[in-house]
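Novice:
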Amino acid sequence: MIFAANFKTNHTRSSTAAYLKQLAKTIAPKRAEDRVMVFPPATALDRYEGDFTVGAQNAYPVQNGAVTGEIGLEQLEEFDIRTILIGHSERRELLGESQEMVAKKFSFFKEHGFEIIYCIGEPLEVREAGEEAVKAYLFAQFEGIDLSYEKLIVAYEPIWAIGTGRSATTEAIASTHAALRSKVTVPLLYGGSVKPANITEITAIDNVDGVLVGSASLDVESFSEMILK
Ligand code: 13P
């Protein structure tokens, strides 16, 4: 299983350092085959010691240059960051990141050999329109994305389940992941209100190879509990 923590716009540089120091200790008894990843805010990127991978939540597809407010490859290379989240719904929805931009980022970071967690997910009105609508919406988010990339991980995060405390049902996750499995052979993560109370149920679903956790990952005890369950 893959356990990935997306801090979003939470934690500071010092609280991230304290968190990761603690995480390194608490996950020592984890199963050897399980992988842990943490995506802190860009201001907290650094080299950290522990059996986990630190990745970037976002970066602009440039080595460096004139892109005010963004970070590029140079700022990730400083800390040997080789893993990135691309296509998160908050970037698509709140920041207006188009499929074209998402695909451009994907190609750039693929060319540079990054491990990419590529996020997809539908809004509530699409889910309410039924399974076929969901599939069409999600598959459209694969436009311009090389699904055969060997360092790809896909994260399915229904927008209506993110930060709402209301995870998708086991049936909805199972059927959506089965549909995704028909397109990709890479690991599939589920995200959206994953927490200690539902982790066992979610990781037991067919075609779920891991989880991408927001709110319940912010507390190191809560995230560790999910990994060790
Ligand atoms: P929550 O776990 O807070 O629902 O967030 C999920 C998410 O968006 C992770 O990327």
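Take my numbering: the final residue in the sequence shown is number 1708, and no numbers are missing along the way.
All residues carry an ideal CB built from backbone N, CA and C; glycine is no exception.
To which residues of the same chain is Pro1637 closer than 7 Å at the C-beta, ignoring the five residues directly before and after it?
Specialist: Gly1600, Glu1601, Arg1606, Ala1647 and Gly1671
Novice: The ligand 13P and Glu1650: does any heavy atom of the ligand fall closer than 8 Å to the residue's C-beta?
Specialist: no
Novice: Would you mind working out which of Ala1651, Gln1554 and Val1533 sits nearest Ile1595, comparing C-alpha positions?
Specialist: Nearest C-alpha to Ile1595: Val1533.
Novice: Have a look at Cys1598, Gln1542, Phe1621 and Ala1538 and flag the residue whose alpha-carbon is nearest the alpha-carbon of Gly1548.
Specialist: The option with the nearest alpha carbon to Gly1548 is Ala1538.
Novice: Would Ser1586 pass as a contact of Gly1623 if the rule is Cβ separation under 9 Å?
Specialist: Result yes, Cβ atoms of Ser1586 and Gly1623 sit closer than 9 Å.
Novice: Whole-angstrom Cβ separation of Val1663 and Leu1626, contact assumed at under 8 Å?
Specialist: 5 Å
Novice: Between which two residues does the alpha helix (DSSP H) carrying Glu1610 extend?
Specialist: Glu1610 to Ala1619
Novice: Grouping DSSP H, G and I as helix and E and B as strand, with all else coil, what is Phe1702?
Specialist: helix
Novice: Consult DSSP for Arg1526 and reduce its assignment to one of helix, strand or coil.
Specialist: coil
Novice: Among the candidates Gly1689, Lys1584, Phe1558 and Ile1563, whose CA atom is the shortest distance from the CA of Tyr1527?
Specialist: Nearest neighbour of Tyr1527 by Cα position, chosen from Gly1689, Lys1584, Phe1558 and Ile1563, turns out to be Phe1558.
Novice: As a quick exercise: from Gln1536, Pro1540, Ala1503 and Glu1590, pick the residue whose alpha carbon is nearest that of Lys1630.
Specialist: Glu1590
Novice: Starting from Ile1681, follow the beta strand (DSSP E) in both directions and report where the run begins and ends.
Specialist: Unbroken run through Ile1681 is the alpha helix (DSSP H), Ile1678 to Thr1682; no beta strand (DSSP E).
Novice: Could you have a look at Thr1562 and say whether DSSP puts it in helix, strand or coil?
Specialist: strand
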